[in-house]
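*Asks:* Each residue of the sequence shown is one higher than the last, beginning at 8 in our numbering.
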Amino acid sequence: MSKAPPKMNDAVDLLDADHIAVKKLFTQFKKLSETEAPAAERKALADRICKELTVHADIEEQIFYPAAREAIGDDALLNEAEVEHASAKDLIAQISGMEADEELFDAKVIVLGEYIDHHVEEEREEMFTKARKSDMDLKGMVADLKTLKEELLANDGVSA
Ligand SMILES: [Fe+2]
Ligand SMILES: [Fe+2]
Numbered sequence: 008m009s010k011a012p013p014k015m016n017d018a019v020d021l022l023d024a025d026h027i028a029v030k031k032l033f034t035q036f037k038k039l040s041e042t043e044a045p046a047a048e049r050k051a052l053a054d055r056i057c058k059e060l061t062v063h064a065d066i067e068e069q070i071f072y073p074a075a076r077e078a079i080g081d082d083a084l085l086n087e088a089e090v091e092h093a094s095a096k097d098l099i100a101q102i103s104g105m106e107a108d109e110e111l112f113d114a115k116v117i118v119l120g121e122y123i124d125h126h127v128e129e130e131r132e133e134m135f136t137k138a139r140k141s142d143m144d145l146k147g148m149v150a151d152l153k154t155l156k157e158e159l160l161a162n163d164g165v166s167a
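1. Buried or exposed for residue 158, going by 16 or more other Cβ atoms inside 10 Å?
2. Go through its chain and collect everything with a Cβ distance to residue 46's Cβ below 6 Å, but skip five positions before and after it.
3. Tell me which residues share the same chain as residue 144 and place their Cβ nearer than 6 Å to its Cβ, disregarding the 5 neighbours each side in the sequence.
4. In whole angstroms, what separates the C-alpha of residue 129 from that of residue 137?
5. If you draw a straight line from the alpha carbon of residue 55 to that of residue 62, how long is it in whole angstroms?
6. Comparing the CB of residue 158 with every heavy atom of ligand 1, is any distance shorter than 7 Å?
7. For residue 28, which residues from the same chain have a beta carbon less than 8 Å from its beta carbon, with the 5 sequence-adjacent residues on both sides left out?
8. Where residue 166 and residue 33 are concerned, what is the direct C-alpha to C-alpha distance, given to the nearest angstrom?
9. Out of 147, 142, 135 and 160, point me to the one whose CA is closest to residue 22's CA.
10. Report buried or exposed for residue 140, applying the criterion of at least 16 other Cβ atoms within 10 angstroms of its Cβ.
11. How many Å lie between residue 96 and residue 149 at the Cα?
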């Protein structure tokens, strides 16, 4: 616990803090899978991953992406990100509907993690870089992102 908490100066910091948090959960899941941890434990962690990812995707889709689409002027980049979210949500729905002792459960969670790694890399290297160079109000967006995130988490992460 020696690391300083991540800075939350702007929307990019906030979103990337989510990325870092969920990456840790995926690493934990991989360990559970490798050690053949009990199904209940794997299911609980997978459910948490699914919920956090769904909320993260929803705050991006409802607040960050529309603003980025307007400010960055790169529709292809935003379209690809949205397609990636839709694919991730498909996989999340499959995982949420499964029991952890079913075949392919662990594989689906691990593949979701790899898929999210790829998506996050594109956000960091392209979308976030472009957002910071644009006139997006990244600081002004923090409060809205936080509020929606809390609302969705309180709602059990189910998107409207
Ligand atoms: Fe995203
Ligand atoms: Fe993201």
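Every residue gets a Cβ at the ideal spot worked out from N, C-alpha and C, and that includes glycine.
*Replies:* Put simply:
1. exposed
2. 107 and 108
3. none
4. 11 Å
5. 11 Å
6. no
7. 59
8. Summary for residue 166: the model assigns pLDDT 47, below 50, so the residue's position carries little reliability; its value from the coordinates is reported in the next sentence. Cα to Cα, residue 166 sits roughly 22 Å from residue 33.
9. 135
10. exposed
11. 24 Å
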